[in-house]
Amino acid sequence: APCAVPASVLSSAMADKPKISKKSDALVCVIGDEDTVTGFLLAGTGETDAKKNSNFLAVTPKTPLSAIEEAFKSFTTREDVAVVLITQTIAEMIRYLVDEYTGMIPAVLEIP
Numbered sequence: 133a134p135c136a137v138p139a140s141v142l143s144s145a146m147a148d149k150p151k152i153s154k155k156s157d158a159l160v161c162v163i164g165d166e167d168t169v170t171g172f173l174l175a176g177t178g179e180t181d182a183k184k185n186s187n188f189l190a191v192t193p194k195t196p197l198s199a200i201e202e203a204f205k206s207f208t209t210r211e212d213v214a215v216v217l218i219t220q221t222i223a224e225m226i227r228y229l230v231d232e233y234t235g236m237i238p239a240v241l242e243i244p
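Using our numbering, you'd call the opening residue of the sequence shown number 133 and step up by one each time.
Structure below.
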């Protein structure tokens, strides 16, 4: 016989999960080299809000480390972000921040 879980248990378990206001509001943020970011932008992930805040950072050799750190901190604290994609090369540059991040949403995924 299937195990029945009481609705009260399910609702209390669901209440503890972080939420994003609407599914359509959830963004994917990208931090990476120009080629990787361009690919994701061409796939339609680019977004800029009214305050000119974007959901991507294309890192060049001239990009200061502080800008990468600031983008990572910003993306991982925004409530409208579901996933932060960061290339492994860039993640190594800010490894201490990536390793220190323990949140579930947004999920931080390193890509090759």
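Note that beta-carbon positions come from the ideal geometry of N, C-alpha and C, so glycine has one too.
Between the Cα of residue i and those of the options, spot the shortest distance and give me the residue it belongs to.
i      : options                           : result
ASN187 : VAL230, LEU197, ILE243 and VAL160 : VAL160
ASP181 : ARG210, GLU224 and PHE204         : ARG210
GLY164 : ALA203, ILE237, PRO238 and TYR228 : ALA203
LYS205 : LYS194, LYS183, VAL240 and THR195 : VAL240
ARG166 : PRO196, LEU189 and ASP157         : It should be noted that the sequence gives Glu, not Arg, for residue 166. For GLU166, the nearest C-alpha among the options comes from LEU189.
GLU224 : MET236, LEU197 and PRO238         : LEU197
Since residue i sits in a beta bridge, which residues does DSSP pair it with?
i      : result
SER186 : THR180
GLY164 : ALA190
Check whether the Cβ atoms of residue i and residue j lie closer than 8 Å to each other.
i      : j      : result
ILE243 : THR219 : yes
ILE226 : VAL191 : no
Within its chain, find whatever has a CB closer than 6 Å to the CB of residue i; leave out the 5 residues flanking it on each side and keep chain order.
i      : result
PHE207 : CYS161, VAL213 and VAL216
VAL169 : VAL162, PHE188 and ALA190
PHE172 : VAL162
Tell me which same chain residues have a C-beta within less than 8 Å of the C-beta of residue i, skipping the five on either side of it?
i      : result
ASN185 : SER206
PRO238 : CYS161, PHE207, THR208, ARG210, VAL213, ALA214, VAL215 and VAL216
THR195 : LEU189
LYS183 : none
LEU142 : Unreliable positioning characterises LEU142 in this predicted model, as indicated by a pLDDT of 46, which lies under 50. A coordinate reading is not provided.
What residues in its chain sit with their C-beta under 7 Å from that of residue i, if we drop five residues either side in the sequence?
i      : result
ASP157 : ASP212
PRO193 : none
*Is there contact here, the segment 169-177 with the segment 225-238, by at least three beta-carbon pairs under 8 Å?*
no
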